Every structure is written in structure tokens, then in C-alpha cells.
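Everything below concerns the one structure shown next.
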Amino acid sequence: MTCTGCALLCDDIDVHDGEVRPACRIGAAHILNRHQVDPMVNHEIVSIDDAIGHAATLLTDAKHPMFLGFGNSVTETQEIGVRLAEKIGAGIDTCSSHAHLIDDIIHNRVRTCALSEVRDMADVILFWGADPMNTHPRLLSGYAYYPRGKNRQHGWEEDRTAITIDVRRSHTASICKGMHKIVFGHEAEFVDALMLALQNKVPKTVYDSKQVLKLAGTLKKAEFGVIFAGPGLVESVPHDAIIRLMDRLNEFSDFRILPLHSQYNLRSIAAVKTAATVTTTDVATGATTNNTTNNTTNTTTDAADAREQQGVGTQTSKITLNSLREADCILCVGFDLISSLPQACDIDARIIIIDPNETLTAGCADVVIPCAAGGVDMAGTAVRLDGVEIDLPCIMETGQAGVGMPTDTPTRMSDASIMNRLLEAV
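490 is the number of the first residue of the sequence shown in my numbering; add one for each residue after it.
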């Protein structure tokens, strides 16, 4: 089976007699999860049909609807969700800080590569604002550091140099040959200093100039370098600065970048939105993107207009709250809004959540619709963080014994089916 615990989408997982091998702790917890929720309306348990019907009524009556999430849904669900957004004039926000970087990759503004190329060719690997040992535990053993590759037969002992750039010494930093500690609030300054060092200029900065010059020298000597961009990079450095850095690195060597996000299908929703006729607003950054096909008219939310008029800065929480307060109905699909932004529990909008698991948002939502989990009790397709499409077979029926689920657990409807029913009802 394929594990949907993170964006690596490991396809060598076997589930037998309640054991999941060789999944990491994140994948095993995801597959064996028992924390399911009942369909509810106004905190009262109802039938799944009543929950879907009430959600459809809220969406139909909404004047400023907003959709959040979709990064943890199969591609088929995302496509239906975009069609529903177009139909009712809703904005879609993936609620991911990686949105800009993925968009830059899709539009070829930065160079990227496949994970297999990292394994076979990469000799210099940067984990920038990322701690894959805790977020993507099998990345190092499967692709980025330990394995022998086609052109890297000696692996990490001789052929690879791993470097961590972060605000703190992470677990990943403990196995890297170099660690550069970033001063919080001066992340962009480090990028500027590195770009000067790549030109053999001594940067005047709060950072140790000798260490920055040494890092620049290592990067310039790379035969095939890869930057794994974590939240610490994409949330603190403007995306245009990342593009300039990649361009500068490729003047001296061959460098690629890969987004290290946790949502297993975030890369897909970015591509689906790009291909669709819908204006999408990234609440995390406040950027509005108009994508036009078939000469049809785009739609946008007033939340986006309010964001542009206010000219709010880059503080994520303010932007998110201001945007959410402009919406009167919020549909969360595979996204725990309250966990990400606890202040959202005070907004006036009606909240609908479609999720396979019990979450904080489910505790305060007006409508809760449980669904099957992609790659566990429903099939579909997903796109790995490097852009490779992966089939997700269904490994079990929800009530099937042997994978940690009680045998009396009712069969759950797929989120694609739920979205399809909403599309037909509005």
C-alpha cells in the first residue's frame, strides 16, 4: 500500500495483523488511527445524509463562502472541490506556507527534480528551515542522505554533504556535517549575505562572514545540489528572494529545490487550482492568483478584496483572521482550522468540516461530516512532493478487522462522494 502520512507517499507499506511495516511512526499512527467522529449538526449526532443536507443549505445561503484545506484529500476530491467553489463563488485557500514555492515550481520559475534524482545524483543537500527526521522520517534513509545512488555509490560516508540551516539545532542537524544557526527575524538577511558570498564578496551582516563564505564555497562546488525547503524558509523569506537565490546558485552549479510540506497531496491541489477557472486566495500570504481558462470569468471572495485594501503586512495570524472574518461560511476539507489558528473559534462564520479524524475544529463546527481516509479506506490518486503521481489503493474497508479498527466501525463515505453530493445540492 501507499502511506498518506506525509508527502513522501511511501509505497512499500504492508499492513498485517494490526502491524504496519516498514512505516515510520507518523505513517503507522495515521494508518492505525481510531479517533473517528460521528456526523453532527449543531453538536448533535445525526445521519450522514442530514449532515450533508445541512451543509448544502449553509453553502447555498452563503454570500461569502471560503474553502480551506484540500492538501490531505485525494486529487479526485480536489477537482470536485474546485468545481464547487466555481459554482458558488468561493475562494480556495490551501492554508499552506508552501503555496508560493509550489506555484513557482509548477510555472518553472525555479528548478526542481524527482526524489530518485536526489538519491542517485545529489552530493550537497540543504535542509533549510526543515527537520525531516521529525516531519518526514524516511526521507533521509530513502532518498536524501543515507542510500547509495547511481552516481553516489559511497552514500553519506563520502559522497554526500548535508547541511542544516535553521533557527535552532534540530534532530536533523545532529547528523549533518554543517549547521548554520539563523537569527530569528533575520532570515532574509542570511539569504542576502549568502548571495553576496556567492559573488566572492564579504557580506556585512550579523552572521559570521567566514562561515557564510565557507557555505558559499561548498555550494559552488556542488555537482548536483538540492535544497529541501521547510516552513522555516518559505514563511520567513520572500518567495522572490528564493527565486533570486536559486538563479544565483545555478550560475555556478546545478541546484534544485523541493518543498518539504506535510500535507500528502498539497502538490496536487496547487496544480488543480492552476488548471481551473477559479481565483484562489492564499490566506497565509494574502496573495490572490487569477487563473483563466476557456475564456470564462473568474470569481473571487470579498476576503481577498479586503486583504488588498487593508495592505496588511506579512504577519500570518492577522492576515488569516482578517480574511476569515470576511467569510460567512467556511468549509474545511481535511484541515484542522482551530489547531492551526485557535483564535478562529471566535469568528462568526458558520463552519463545516469534512475530515476522517476527530479534530479541534470538529468540536466547534456547525456541521461535521466524517469521511474515509485517502489510501486507507478509500482509493484515489495523489501527487508526491516532487510532482510524481501516485496511485492510492484502498487497503481496507472501514470496519475490517486487523488494522486496529473496531469491527463494528461503520463504513465511511469518501470525501469525493461527499463533495459530489454537495455539488449536486447547491
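Just so it is clear, CB atoms sit at the ideal spot from N, CA and C, and this is done for glycine as well.
Fair warning: this is a prediction, and the values are worked out from it, not measured in the lab.
Mind checking which residues open and close the alpha helix (DSSP H) that includes residue 555?
Taking the sequence shown and counting its residues from 1, the one referred to as residue 555 is at position 66. Membership of residue 555 in any alpha helix (DSSP H) is not indicated; the residue belongs instead to the beta strand (DSSP E) covering 554-558.
Just the C-alpha distance for residue 851 and residue 901, rounded to the nearest angstrom, thanks.
Taking the sequence shown and counting its residues from 1, one reaches residue 851 at position 362. Taking the sequence shown and counting its residues from 1, one reaches residue 901 at position 412. So the alpha carbons of these two residues sit roughly 16 Å apart.
Give the C-beta separation of residue 565 and residue 870 to the nearest angstrom, bearing in mind that I take them to be a contact with Cβ-Cβ under 8 Å.
Working through the sequence shown from its first residue, we reach residue 565 at position 76. Working through the sequence shown from its first residue, we reach residue 870 at position 381. Cβ atoms of residue 565 and residue 870 come within 8 Å of each other, at about 7 Å.
Rounded to whole angstroms, what's the CA-CA distance from residue 907 to residue 574? Just pull it up for me.
Translated into the one-based positions of the sequence shown, residue 907 becomes position 418. Translated into the one-based positions of the sequence shown, residue 574 becomes position 85. Computed Cα separation, rounded: 14 Å.
If you pair each beta-carbon of the stretch 611-626 with each one of the stretch 659-675, do three or more pairs fall below 8 Å?
Judged by Cβ distances under 8 Å, the stretch 611-626 makes contact with the stretch 659-675, as three or more pairs qualify.
Tell me, which residues are paired with residue 715 by DSSP?
For this step, residue 715 is matched to residue 226 along the sequence shown. Per DSSP, 614 and 745.
If I measure Cβ to Cβ from residue 734 and keep anything under 8 Å in the same chain, skipping five residues before and after, which residues do I get?
What you label residue 734 is simply residue 245 of the sequence shown in a count that begins at 1. Contacts found: 680, 683 and 684.
Residue nearest to residue 550 in terms of C-alpha spacing, selected from 576, 525 and 569
Along the sequence shown, read from residue 1 onward, the residue named residue 550 stands at position 61. Closest option to residue 550, Cα to Cα, is 576.
Endpoints, the beta strand (DSSP E) within which residue 625 is located
As a working note, residue 625 is residue 136 in the sequence shown. Note, residue 625: premise wrong, no beta strand (DSSP E); not H, not E.
Within 10 angstroms of its Cβ, does residue 616 collect 16 or more other Cβ (buried), or is it exposed?
Taking the first residue of the sequence shown as 1, we reach residue 616 at position 127. If you draw a 10 Å sphere on the C-beta of residue 616, you find 16 or more other C-beta atoms in it, and that means buried.
What residues in its chain sit with their C-beta under 6 Å from that of residue 816, if we drop five residues either side in the sequence?
Here residue 816 is taken as the residue at index 327 of the sequence shown, counted from 1. Cβ within range, chain order: 553, 555, 792 and 838.
Quick check on DSSP: helix, strand or coil for residue 836?
For the purposes of this step, residue 836 is taken as the residue at position 347 of the sequence shown. In the structure shown, residue 836 sits in coil (DSSP, three-state: anything other than H, G, I, E or B).
Looking at the ligand HEM, does it come within less than 7 Å of residue 491, judged from the CB to the closest heavy atom?
The ligand HEM is not part of the structure shown, which contains no ligands of any sort.
Contact set for residue 547: own chain, Cβ-Cβ below 8 Å, skip 5 residues either direction
The count along the sequence shown starts at 1 and reaches residue 547 at position 58. Excluding residues within five positions, the ones whose Cβ falls inside 8 Å are 818, 839, 841, 855 and 856.
With a Cβ-Cβ cutoff of 8 Å, do residue 585 and residue 618 count as a contact?
On the sequence shown, position 96 is the one that residue 585 refers to. On the sequence shown, position 129 is the one that residue 618 refers to. For residue 585 and residue 618, no; Cβs fall outside 8 Å.
Distance CB(residue 645)-CB(residue 635) smaller than 8 Å
By 1-based counting over the sequence shown, the position of residue 645 is 156. By 1-based counting over the sequence shown, the position of residue 635 is 146. Between residue 645 and residue 635, the CB-CB gap stays under 8 Å.
Quick check on the DSSP output: the alpha helix (DSSP H) that includes residue 543 runs from which residue to which?
One-based indexing of the sequence shown puts residue 543 at position 54. For residue 543, the enclosing alpha helix (DSSP H) starts and ends at 537-550.
Can you find the residues in the same chain that come closer than 8 Å, C-beta to C-beta, to residue 501, ignoring five residues on each side of it along the sequence?
By 1-based counting over the sequence shown, the position of residue 501 is 12. Cβ-Cβ distances below 8 Å link residue 501 to 511 in the same chain, with the five nearest sequence neighbours on each side left out; the list follows chain order.
Thinking C-beta only, is residue 599 closer than 8 Å to residue 714?
Translated into the one-based positions of the sequence shown, residue 714 becomes position 225. Translated into the one-based positions of the sequence shown, residue 599 becomes position 110. The answer is no: Cβ separation not under 8 Å.
Tell me whether residue 644 sits in a helix, a strand or coil according to DSSP, three-state version.
Numbered from its first residue, the sequence shown carries residue 644 at position 155. In the structure shown, the three-state DSSP call for residue 644 is helix.
Below 8 Å on the Cβ atoms is my contact criterion, and I expect residue 746 with residue 716 to pass it. Report the Cβ-Cβ distance as a whole number of Å.
As a first step, residue 746 must be located in the sequence shown, where it is residue number 257. As a first step, residue 716 must be located in the sequence shown, where it is residue number 227. At roughly 5 Å, the Cβ-Cβ gap stays under 8 Å, so residue 746 and residue 716 are in contact.
Taking DSSP as the reference, what is the three-state secondary structure of residue 510?
Residue mapping note: residue 510 aligns to position 21 of the sequence shown, counting from 1. Residue 510 falls in the strand class under three-state DSSP.
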